[in-house]
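Student:
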Amino acid sequence: MKKLILTLCLTAAAATSAAASDEGRIAVLEARIADLEYRIAVLERNGNTAYRPNRSVYVCSVTPFQKTFEAADNNEGLARGKVRRACNAETSAMFCEDRAIRCKRFD
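Under mature numbering (1 follows the signal peptide of the UniProt record, and there is no 0), the residues of the sequence shown are numbered -20 to -1, 1 to 87, in order.
Put into structure tokens, the structure is as follows:
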């Protein structure tokens, strides 16, 4: 009986120390989350240009007949998509294929 009571007391003590340990870990994690939220807010406010001051620009174009369609973006895939959509809006899709689109990168 004494062993059972002693075991129960030790288990209860371990549970309270684990709860205190969990509370400490939770407090640290909440502080880290607050710091990350602050950093995200700063990056969004600055337009994320602080880490990429010299971003490349891709200019893509396609000329199906006499009209040239051009688009620019920091991402080549997005620039290609813009050109394709503009070309498809005015001509047949067979003249606006991806292999016909030419892109140049400007640093």
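For each residue, glycine too, the CB sits at the ideal point set by N, CA and C.
Could one say the Cβ of Arg19 lies closer than 9 Å to chain D's Cβ atoms, at least one of them?
Tutor: Checking the listed chains, one finds no chain D in this structure; it contains a single protein chain.
Student: What does a CB cutoff of less than 7 Å around Ala51 pick up in its chain, not counting 5 residues either side in sequence?
Tutor: Taking the first residue of the sequence shown as 1, we reach residue 51 at position 71. Cys40, Ala59, Lys62, Val63 and Ala66, listed in sequence order.
Student: Contact check, Phe86 vs Ser36 under 8 Å by CB: the rounded distance?
Tutor: Taking the sequence shown and counting its residues from 1, one reaches residue 86 at position 106. Taking the sequence shown and counting its residues from 1, one reaches residue 36 at position 56. Yes, they are in contact, since the Cβ atoms of Phe86 and Ser36 sit about 7 Å apart, within 8 Å.
Student: By Cβ distance, which residues of its chain are closer than 7 Å to Phe49, with the 5 residues on each side in sequence left out?
Tutor: Here residue 49 refers to the residue found at position 69 when the sequence shown is read from its first residue. Answer for Phe49: Ser41, Val42, Val63, Ala66 and Cys67, listed in chain order.
Student: Only counting the same chain, and skipping five residues up and downstream in sequence, which positions put a Cβ closer than 7 Å to that of Arg25?
Tutor: As a working mapping, residue 25 is identified with position 45 in the sequence shown. So no residue of the chain qualifies.
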